[in-house]
Amino acid sequence: MEDEQALADALARGLRREGMAVDVAYDGDEGSEKVGVTRYDVVVLDRDLPGRSGDELCAEIVGGVTRVIMLTASGTLRDKVEGLALGADDYLPKPFDFPELVARLRALGRRATPAVPPVLRAADVVLDPAKRTVTRGSTALELTRKEFGVLEVLMAARGAVVSSEELLERVWDENADPFTTTVRVTVMTLRKKLGEPGIIDTVVGSGYRVPAEAPATV
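Just so it is clear: in the sequence shown, position 166 is 166 by UniProt numbering, and no numbers are missing.
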């Protein structure tokens, strides 16, 4: 969340190019509404938001599974200590380099509950979120951003079932049509690229999962 709309929109575009699903709020009140209905992995929070302050919103968010990285125009040690004391998980003064923000977001995402390893594996499928690569055996796979995002969420779930609604929320964004077939179509194309034997199970009425002991290629 960012009080400067142009910067917020630019950050959102950049993070989407990195394969992240991004919602944007331009003030603290809108941000409070969004975190009240959506479980975010990480919130990028400006301390100087209009309306409800970033400090107030941070206090509202902390204590759950969502991680918070605070942005501020002030980079003094005192401000950093204050931000972390509010419960923020990380603190980044402006101006900052975009690759550093991406790296910090990925690091915070790995601190989810339960913690997610930096490289995900299921049988002979290896997914590296930082490098944006997927291999099966010795073969590198070319996936779209959405295919990559779906596979990352499923593998990070470690055998748990992930609903279509959760995939839509975590891989797409708030503008996605909840009645769309895009998740089903994306899973279908992803299965084709992964090849046989299949590693993505459909759990009728519930969603999809990648078993913890997924089958390897022969």
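Even glycine gets a Cβ: it sits at the ideal position worked out from N, Cα and C.
Predicted model, so just to flag it, every value in this text is computed and none were measured.
*Quick one: using the 10 Å Cβ neighbour count with 16 as the cut-off for buried, is residue 169 buried or exposed?*
buried
*Could you say which of 57, 211, 139 and 107 lies nearest to residue 155 if we only look at CA atoms?*
211
*Would you check if the distance between the CB atom of residue 110 and the CB atom of residue 90 is smaller than 7 Å?*
no
*Cutoff 6 Å; reference residue 182; Cβ partners in own chain excluding five residues on either side*: none
*Is residue 3 helix, strand or coil when you go by DSSP?*
Since pLDDT at residue 3 reaches only 45, below the 50 mark, its modelled position is unreliable, and no value is offered.
*Should residue 167 and residue 150 be called a contact, given that it needs their Cβ atoms to be closer than 7 Å?*
yes
*By Cβ distance below 7 Å, which residues in the same chain neighbour residue 5 in space, the five residues on each side in sequence not counted?*
26
_Contact under 7 Å by Cβ, residue 58 with residue 44_ = no
*If residue 65 and residue 39 are in contact, beta carbons under 8 Å, what's the gap, nearest whole angstrom?*
7 Å
_C-alpha distance - residue 152 paired with residue 82, whole-angstrom precision_ = 34 Å
*Would you please state the rounded distance, in angstroms, between the beta carbons of residue 22 and residue 173? I believe it to be under 8 Å.*
6 Å
*Where does residue 61 fall in DSSP's three states?*
helix
*Taking the alpha helix (DSSP H) that residue 99 falls in, what are its first and last residues?*
98 to 109
_Which residue marks the beginning of the beta strand (DSSP E) containing residue 144, and which one marks its end?_
Note, residue 144: premise wrong, no beta strand (DSSP E); not H, not E.
_Three CB pairs or more closer than 8 Å across the region 125 to 132 and the region 92 to 101_ = no
_Rounded to whole angstroms, what is the Cα-Cα separation between residue 119 and residue 133?_
10 Å
*asked:* Quick check on the DSSP output: the beta strand (DSSP E) that includes residue 188 runs from which residue to which?
replied: Run containing residue 188: none in the beta strand (DSSP E); it sits in the alpha helix (DSSP H), 182 to 194.
*Which residues does DSSP pair with residue 69 in a beta bridge?*
44 and 90
_Three-state class that DSSP yields for residue 153 in the structure shown_ = helix
*According to DSSP, residues forming a beta bridge with residue 122*: 125
*Residues bridged to residue 203 [DSSP beta-bridge criterion]*: 207
*Please report the residue range of the alpha helix (DSSP H) in which residue 22 lies.*
Careful: residue 22 lies outside any alpha helix (DSSP H) and carries neither H nor E.
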